[in-house]
Amino acid sequence: MARKLADAHGLAASEVIFSRSVVDDLQAHQFVIQQAVSDIRRDLSNGVIDTEQALAWLVECLEPFLETRIEPHTGAETQSRR
Numbered sequence: 005m006a007r008k009l010a011d012a013h014g015l016a017a018s019e020v021i022f023s024r025s026v027v028d029d030l031q032a033h034q035f036v037i038q039q040a041v042s043d044i045r046r047d048l049s050n051g052v053i054d055t056e057q058a059l060a061w062l063v064e065c066l067e068p069f070l071e072t073r074i075e076p077h078t079g080a081e082t083q084s085r086r
């Protein structure tokens with residue numbers, strides 16, 4: 005079934021479809037994580053860093069990403085809404 009749907013959409017075996025909301029969530033999480041890493045790198049280069057606090061903050065920024073459900077979009081959801 006999944007392969008037939010993929011073929012119908014012209015997708016290769018290595019490609020999947022995700023809903024826009026999943027992609028948006030992942031991009032938002034990526035931005036937050038990038039900013040945290042950038043800030044920590046800056047603090048490290050300035051020699052002013054509380055390692056425990058930096059690690060706690062990084063974990064806090066990573067948790068929402070780790071809780072994000074990533075599931076392929078089958079196309080059936082869109083078809084059933086029509």
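Residue 69 in the numbering used here sits at position 65 of the sequence shown, and the numbers go up by one each step.
We put the CB at the ideal spot given by N, CA and C, even for glycine.
Asked: Which residue marks the beginning of the alpha helix (DSSP H) containing Ser49, and which one marks its end?; Found: 24–50
Asked: Relative to the C-alpha of Glu75, which candidate in Gly14, Met5, Phe22, Leu59 has its C-alpha closest?; Found: Phe22
Asked: What first and last residue would you give for the alpha helix (DSSP H) that runs through Ala16?; Found: Counting along the chain, Ala16 falls outside any alpha helix (DSSP H), and DSSP gives it neither H nor E.
Asked: Taking one C-beta from the region 55–63 and one from the region 21–36 each time, how about it: are there three or more such pairs within less than 8 Å?; Found: no
Asked: On the DSSP letters alone, give me the boundaries of the alpha helix (DSSP H) that Glu71 sits inside.; Found: 55–71
Asked: Determine, using beta-carbon pairs with one atom in the region 61–68 and one in the region 12–22, whether at least three such pairs fall under 8 Å.; Found: no
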